[in-house]
Amino acid sequence: MTTYLLANIGTRDVQMDSYDDLPPELVNQKTGMLVPRKAGAYLREKEQFARFASSLRLPMIEKALRLIAPKPDANLRIVLFATDQPESVKEFYRDGDTILFAELIKDLLFERYKATGVSKKQIEIRLTSSNPGDYDQMYEFYTKGLPGIADRTPAPNPVYLLIAGGTPQMNTMLLLIGTEVFGPRAIPLYVSQDRDRARKLDTVRLLYRQALQRNLEVILQAYAYSSALKLLDESAGYFDSEIVRLLRAALEYGIARRNLDLETATLAFDSAITFTRDLRETVASFQQELEDQSEQAKLRETIFLAQIAEQTENWADFLNRLFRFSEGSLQLLAERLGVAWGDAKKRDSYKASWWNSNRALLAGLDLATPEPPANLEDENTARQTNRKNMRAIIAALATEPEHESIRQTLDQLVVVDQPVSLRNDIVHRFTPISRDEVEKHAGMSVADLLSAMRRAYQFAFNQIVPEESPYDSLNRLCADMLKGAR
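With the working numbering applied, the sequence shown corresponds to residues -3 to 482, in that order.
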């Protein structure tokens, strides 16, 4: 890694204690400062350079060097940004161009520091022919020029941005684009008349942190907690360590909850909750929400995940959530009514003994023969479960008055199932799916489908599912943390 100093060259970057020995046309009578183009050309003449070199002052650059490299050597690189406008520009403005000041500064730095190892090739000059007083043109100048410096080998680090010389437009863009391009490697410097050395500014950290906050907020709006966590880990140094720990815990909570790993999600805040103050009750409530980790609770989570799929326009995932909610609800309702499975975990077939003992009911549904076959294994295929036969069996079993809520659940699941057949188009035909296509097959809006899921859950489990997703609440919590709340 190599230290870099990037400096804008302005009309005050070369000074003398007295201009009495210079031709008067080299000094601006209004400002009392050297005229850069004319004075630079004069002072670079061999005879004049030998005469005046020792009396020339570089108040911007040398104050910066006193801070970053009191004895500049071969490990330092200096890039000077100067102006050289075309002859079509009025003479008054061209006289203010700093190209010859930059050349003069390069010569002076070499003469003064060659003994410590500085060579002329370490000092380069970047010129712009654009108007240095135009923000848009300076934005373009630095946007094109700085990335090439950032990509050099060995990598520039640290990169000092001297924003004291040049026009305000040049300094603004060197700071903004330099911050963007070099990121945490950038260190802005400022020079004041009453200080012998430049001083570091915290501007880059503040700007970069604001940019990170905006980027994280955008990522959170997409509920992309893994991406947000990766960005946070890469940029942790811009935030207070306690805030980072809290944010990491919140993002790990979101990742685990979205993957239905409710146990891991509940534990995510354990190591960080001691750092909370005002947010402690809010964090505790997120943990409390997931104390119930049953399959019923995961069905509720499926509704929230369907909401995320709708908000992010992920229609393949949306259809999968509808399917899983319908299938999972039917399985739990069937178990409530005494249905037994061949494998309680897979639930991919009905238990042979249960099937045989309910043969009359199943035969009435055209699911089984009136008489059992000689070998019950001959019915293995017939005993395989699917949503259609589960729905028929549940409807046939739920005939008592106390089963009213189950029948209401089935009615809502019919609504939920309307667009599910589109899954086959995605899997087998690579058919693109859109909101319009989903709503066309459903015969209703996506919002109505989500409402049907919430009603089905309420009828099935006697619990109300809030319309607001807990992930939206989690995003607000993260936003508060990004602002410094804990």
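Note that beta-carbon positions come from the ideal geometry of N, C-alpha and C, so glycine has one too.
Within the region 319 to 398, the complete alpha helix (DSSP H) runs of at least 4 residues fall at 348 to 353, 355 to 360 and 383 to 393. Within its own chain, the residues whose Cβ lies closer than 7 Å to the Cβ of residue 272, once the five positions on either side in sequence are excluded, are 242, 279 and 482, listed in chain order. Looking at 65, 263 and 217, the one whose alpha-carbon comes closest to that of residue 305 is 217. DSSP places residue 134 within a helical segment (H, G or I) once states are collapsed to three. The beta carbon of residue 454 sits closer than 8 Å to those of 460 and 461, all from its chain and outside the five residues before and after it, given in chain order. In the three-state reduction of the DSSP assignment, residue 156 falls in the strand class.
For the options 75, 438 and 61, the alpha carbon positioned closest to that of residue 144 is the one of 75.
Boundaries for residue 58: no beta strand (DSSP E) harbours it, while the alpha helix (DSSP H) harbouring it runs 57 to 64, taken from the DSSP string.
Only exposed fits residue 28, as fewer than 16 other CB atoms lie within 10 angstroms of its CB. Contact annotation: the region 46 to 64 touches the region 180 to 191, with at least three C-beta pairs closer than 8 Å. In this structure, residue 249 lies away from residue 307, with their beta-carbon atoms at least 9 Å apart. Closest in C-alpha terms to residue 312, from the list 215, 325 and 417, comes 417.
Within the model, the alpha-carbon separation for residue 421 versus residue 221 is close to 30 Å. Put simply, the backbone Cα of residue 182 is about 11 Å away from that of residue 203.
Around the CB of residue 92, 16 or more other CB atoms lie within 10 Å, so the residue is classed as buried. Ranked by how close their Cα comes to the Cα of residue 291, the residues 258, 301, 270 and 208 have 258 in first place.
In terms of Cβ geometry, residue 178 and residue 205 do not form a close pair [threshold 9 Å]. Nearest to residue 33 by alpha-carbon distance, out of 42, 332 and 81, is 81. Linking residue 318 to residue 254 through their CA atoms gives a straight-line distance of about 16 Å. Closest by C-alpha distance to residue 120, out of 133, 129 and 106, is 106. Taking each of 175, 294 and 430 in turn and checking the Cα distance to residue 200, the smallest one comes out for 175.
Boundaries cannot be given for residue 30, as no beta strand (DSSP E) includes it and DSSP labels it neither H nor E. DSSP lists 157 as the bridge partner or partners of residue 184.
The residue from 463, 100, 414 and 108 with its alpha-carbon nearest to that of residue 67 is 108. With 16 or more other Cβ atoms from the protein chains shown falling within 10 Å of its own Cβ, residue 98 counts as buried. Ranked by how close their Cα comes to the Cα of residue 137, the residues 148, 146, 129 and 124 have 124 in first place. In the structure shown, residue 11 adopts extended strand secondary structure according to DSSP, grouped into three states. The continuous alpha helix (DSSP H) containing residue 467 extends over residues 466 to 478. Of the residues 237, 405, 244 and 372, the one whose Cα lies closest to the Cα of residue 223 is 244. Between the region 375 to 395 and the region 345 to 357, the count of C-beta pairs closer than 8 Å reaches three or more; the two stretches touch. The Cβ neighbour count for residue 477, taken over all protein chains shown within 10 Å, is at least 16; the residue is labelled buried.
DSSP links residue 77 through a beta bridge to 4 and 122. Looking from the CA of residue 89, the closest CA among 77, 165, 331 and 129 belongs to 129.
Between residue 438 and residue 445 the beta-carbon gap is near 6 Å, inside 8 Å, which marks them as a contact. Of all C-beta pairs linking the region 8 to 28 to the region 46 to 57, three or more are shorter than 8 Å, placing the two stretches in contact. When the five nearest sequence neighbours on each side are left out, the beta carbons in the same chain lying within less than 7 Å of the beta carbon of residue 209 are those of 478, in order along the chain.
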